[in-house]
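>
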Amino acid sequence: LSEAGGLDILGTGGLSWAVHLDSLEGERKEESLTQQADAVAQAAGLVNAGRIGELQGHYLFVQPTGHRQAMEVEAMRQQAEAVLARHEAVRWHSEQTLLKRAKR
Amino acid sequence: SIHFNDPKYPQQWHLNNRRSPGRDINVTGVWERNVTGRGVTVVVVDDGVEHTVQDIAPNYSPEGSYDLNSNDPDPMPHPDEENGNHHGTRCAGEIAAVPNNSFCAVGVAYGSRIAGIRVLDGPLTDSMEAVAFNKHYQINDIYSCSWGPDDDGKTVDGPHQLGKAALQHGVMAGRQGFGSIFVVASGNGGQHNDNCNYDGYANSIYTVTIGAVDEEGRMPFYAEECASMLAVTFSGGDKMLRSIVTTDWDLQKGTGCTEGHTGTSAAAPLAAGMIALMLQVRPCLTWRDVQHIIVFTAIQYEDHHADWLTNEAGFSHSHQHGFGLLNAWRLVNAAKIWTSVPYLASYVSPMLKENKAVPRSPHSLEVLWNVSRTDLEMSGLKTLEHVAVTVSITHPRRGSLELKLFCPSGMMSLIGAPRSMDSDPNGFNAWTFSTVRCWGERARGVYRLVIRDVGDEPLQMGILQQWQLTLYGSMWSPVDIKDRQSLLESAMSGKYLHDGFTLPCPPGLKIPEEDGYTITPNTLKTLVLVGCFSVFWTIYYMLEVCLSQRNKASTHGCRKGCCPWAPRRQNSKDAGTALESMPLCSSKDLDGVDSEHGDCTTASSFLAPELDCPPHQPPDLLQGKSGQIC
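One line per chain: the protein sequences are A and B, in this order.
According to this note's numbering, the first sequence is numbered sequentially starting from 298.
According to this note's numbering, the second sequence is numbered sequentially starting from 764.
(1) With a threshold of 8 Å, are at least 3 pairs of Cβ atoms found where one atom belongs to the region 1188 to 1203 of chain B and the other to the region 1144 to 1156 of chain B?
(2) My guess is that threonine 972 (chain B) and leucine 993 (chain B) are in contact by the Cβ rule of under 8 Å, so how many angstroms apart are they, rounded?
(3) Could you pull out every residue in the same chain whose Cβ sits closer than 7 Å to the Cβ of threonine 1049 (chain B), ignoring the five residues on either side in sequence?
(4) Helix, strand or coil, according to DSSP, for tryptophan 1012 (chain B) in the structure here?
(5) From which residue to which residue does the beta strand (DSSP E) around glutamine 1231 (chain B) run?
(6) From the beta carbon of leucine 357 (chain A), is the nearest beta carbon of chain B less than 9 Å away?
(7) Which of the three DSSP states is assigned to methionine 1050 (chain B) in this structure?
(8) Can you confirm whether leucine 1088 (chain B), when its beta carbon is compared against all beta carbons of chain A, has any partner nearer than 9 Å?
(9) Label valine 1308 (chain B) either buried or exposed according to how many other C-beta atoms from any shown protein chain fall within 10 Å of its C-beta, with 16 as the threshold for buried.
(10) Please report the Cβ distance between isoleucine 858 (chain B) and alanine 1039 (chain B), rounded to the nearest whole angstrom; I am assuming they are in contact, meaning their Cβ atoms lie under 8 Å.
(11) Starting from valine 806 (chain B), follow the beta strand (DSSP E) in both directions and report where the run begins and ends.
(12) Using the beta-carbon of each residue, which ones in chain A are nearer than 7 Å to threonine 1027 (chain B)?
(13) Below 8 Å, can you find three or more Cβ-Cβ pairs linking the region 1110 to 1121 of chain B to the region 1233 to 1242 of chain B?
(14) Would you mind reading off the limits of the alpha helix (DSSP H) that contains histidine 932 (chain B)?
(15) So, using beta-carbon positions, are glycine 933 (chain B) and tyrosine 906 (chain B) closer together than 9 Å?
(16) Could you work out which residues of chain A lie near tyrosine 747 (chain B), taking near to mean beta carbons separated by less than 7 Å?
(17) For arginine 786 (chain B) and histidine 1126 (chain B), I'd like the C-alpha separation in whole angstroms.
(18) Counting only Cβ pairs nearer than 8 Å, list the residues of chain A close to serine 909 (chain B).
(19) Only counting the same chain, and skipping five residues up and downstream in sequence, which positions put a Cβ closer than 7 Å to that of phenylalanine 1078 (chain B)?
(20) Taking tryptophan 389 (chain A) as part of the beta strand (DSSP E), name the residues at either end of that continuous run.
(21) Give the secondary structure of histidine 317 (chain A) by DSSP, where H, G and I count as helix, E and B as strand, and everything else as coil.
(22) Tell me, please, whether the region 911 to 929 of chain B touches the region 811 to 825 of chain B by the rule of three or more beta-carbon pairs shorter than 8 Å.
(23) Residues of chain B with CB under 7 Å from glutamine 393 (chain A), in chain order?
(24) Within its chain, find whatever has a CB closer than 8 Å to the CB of leucine 1131 (chain B); leave out the 5 residues flanking it on each side and keep chain order.
(25) Quick one: any contact between the region 946 to 960 of chain B and the region 982 to 1000 of chain B, if contact means 3 or more CB pairs under 8 Å?
(26) Can you pull the chain B neighbours of leucine 312 (chain A), defined as C-beta to C-beta under 8 Å?
(27) CB lysine 1099 (chain B) to CB arginine 1045 (chain B), shorter than 9 Å?
(28) To be precise: take each residue of the region 940 to 951 of chain B, compare its Cβ to all Cβ atoms of chain A, and keep it if any distance is under 7 Å. Which residues remain?
(29) Note the first and the last residue of the continuous beta strand (DSSP E) segment covering alanine 994 (chain B).
(30) Using a Cβ-Cβ cut-off of less than 9 Å, list which residues of the region 1213 to 1224 of chain B approach chain A; keep chain order.
(31) Determine the DSSP secondary structure at glutamate 1148 (chain B), reduced to helix, strand or coil.
(32) Is it right to say tyrosine 1259 (chain B) is buried, meaning 16 or more other beta carbons lie within 10 angstroms of its own, or is it exposed?
(33) Measuring alpha carbon to alpha carbon, tell me which residue in A:Arg374, A:His390, A:Ala338 is nearest leucine 312 (chain A).
(34) I'd like to check one pair, serine 875 (chain B) with glutamine 1054 (chain B): are the Cβ atoms closer than 9 Å?
(35) Identify whether valine 370 (chain A) lies in helix, strand or coil by the three-state DSSP scheme.
(36) Got a sec? Which residues, its chain only, sit under 8 Å from isoleucine 1156 (chain B) by beta carbon, not counting five neighbours each side?
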């Protein structure tokens, strides 16, 4: 699922965030981290698209599907940023942007 | 003694240069000793791998492959209008093209398995890179990456937060804990005066940064220089020089073979192939062992433009060629007898706040940091590997800055080369430069960072806001390094390169891949359908049994002779089915005709041998007991 995340969403112009959740209870089990990720994503108005590869505690949150106006998208971005910034379980978050990489 | 029937093998000068003997990677002797990369998997992270072409198919590893652009397990490249997605297939062919198939060419590690991760054919994000770097990291040993940020002479970029985390996680947890090997191409921005220290992948301590030289051993027009370059290997040069012959895709205009692969893209996979040869003879080499072996065995050669400098530990380095040319024979012989380096030790200085102006050339700003014996006591760090400097500098024209780092020995690294194309007005914001030029030197002493403005425009002066020094190395002493150098030289005769000599390897860690097998929606649908069918079949079958029993009871079939469903049992293909539908006590006893229906008796005693048939009884006693009988 996590592999699906970034591209499918970004390919259609949707917003997505990489989020690193704080493991307050030390080595928390993956299952409970995922549950927490679901909850945080929901609070931010996003959908948890799953863990990012092999990085424990890192999740990709994506914008729910659907066509939106630019203003709506911006409002959604601000809401998500605000929620993720103040959520105590979020150690770090970053909106996913496109990288430019060239074959050599 | 090596001969292949692949038609393009004679043109693969980088493997066996008959026109200019010696100007190749020196691999044939290794092949002669059956070292071909067997048991090692190399993955090409690129625009896909056409794994169905003859030269790839037999060595293809579907287990190590994935398509992150389409989110499926098949990294087959997608043809595009510009005919541009042959890159990964070409790189894969350099590594593992199958020999003696009368087709095209031969790979450096033709006994290895080759996988593909398709990620460059579409929008790319930090999270996708992170997934790619750790994809199937218990299957894939070496990640070959012939790509990077734009080489336009003005870009400063590298892996972002997740990509960095994935590289670090890969070297710690990949390959059962021995560490994934990340090989990266140093870049093609030579014409734009670019420098690979502005490429965070090349700068990373977790990667093996490989540059290119042409057939004559010179730096090609496209190649970049940098202090973090580990080594070089062959690739194409200008038009008069030969390029790399390798497999190609056969989609669109492709023929399955090309003589025109070039750039640092062509060099990195050769290095990946050579590392695969090393891992065959010594599977427990760690990611740092591989870096060390490259440093210890790369060949410094005559090139007056290369500006070689020999450091305190005796290693020669050039910003153009790193520690020199990779040599498969030397790498494999060294790997065979290599015992692991001590654990990685590091030292991080405090954040050094300066807020000092950067003067114009010929003047310069010089800042120092003394690393004392006490500073290193905790980590045990004695000798250096990578040295990194993180700087924050404001400047109205970033490309006018020049940064040099001097290690305690006095060894100079040009960590930040001026770039004429880079007019970015934002300077550097916590950018990390790194150098390998102090490898093996003592860590203790004074480090000097010298910055100057080489611009010729009357612009506002730059300000060095802050900097931080990070040292990486081990507890090896300079004597240990000398001893290891001597040991390796003694192995170069090839005397250990036979099956009879094997050093023990520690067992690897069991690190599960979290995404091992996931049920796809289609699989789930199939399972649900099968489940529903089973339920309905069971209900139908039970109904049939009940109804048929009721019929038997009502027709008194059992009193007339052998149970009428006995023949049906005989026809049953399945004993279990027969058992379910058969009365445990057969009808032979009902009217004493068992001799005429031997099957009943035999089956009954076979299926329920402990139940003997009751003695013959008068029919009237059985009336109304059909339920019990059957």
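The beta-carbon is built from N, C-alpha and C at its ideal position, and this holds for glycine as well.
Because the structure is a prediction, the values reported are computed rather than measured.
On the basis of the supplied data:
(1) yes
(2) Threonine 972 (chain B) to leucine 993 (chain B), Cβ: 5 Å. Contact.
(3) Phe941, Gly942, Ser1103
(4) coil
(5) 1225 to 1237
(6) yes
(7) Strictly speaking, residue 1050 (chain B) in this sequence is tryptophan, with methionine absent from that position. Tryptophan 1050 (chain B) carries a helical assignment under DSSP once its states are collapsed to helix, strand and coil.
(8) Under the 9 Å criterion on CB atoms, leucine 1088 (chain B) is classed as non-interfacial with respect to chain A.
(9) exposed
(10) 7 Å
(11) 804 to 809
(12) Arg401
(13) yes
(14) 924 to 936
(15) Closer than 9 Å, so yes.
(16) With chain B covering 764 to 1393 only, the question about residue 747 (chain B) has no answer from this structure.
(17) 43 Å
(18) Lys400, Arg401
(19) Cβ neighbours of phenylalanine 1078 (chain B) beyond the five flanking positions: Val1058, Phe1086, Trp1202, Gly1203.
(20) Taken as a continuous stretch (DSSP letters only), the beta strand (DSSP E) holding tryptophan 389 (chain A) covers 387 to 392.
(21) strand
(22) no
(23) Thr888, Asp889, Ser890
(24) Closer than 8 Å at the Cβ level, and outside the excluded window around leucine 1131 (chain B), lie Val1209, Tyr1210, Arg1211, Leu1212.
(25) yes
(26) Result: empty, since nearest Cβ-Cβ is about 12 Å, beyond 8 Å.
(27) yes
(28) The region 940 to 951 of chain B vs chain A, Cβ under 7 Å: Ala948, Gly950, Asn951.
(29) 994 to 997
(30) Close to chain A, meaning a Cβ-Cβ distance shorter than 9 Å, is no residue of the region 1213 to 1224 of chain B at all.
(31) strand
(32) Tyrosine 1259 (chain B) is classed as buried because its beta carbon has at least 16 other beta carbons within 10 Å across all chains shown.
(33) A:Arg374
(34) No; because the gap between Cβ atoms is not below 9 Å, this pair is not in contact.
(35) helix
(36) Answer for isoleucine 1156 (chain B): Val1121, Leu1164, Gly1190, Phe1191, Ile1214, Gly1225, Ile1226, Leu1227, Gln1228, listed in chain order.
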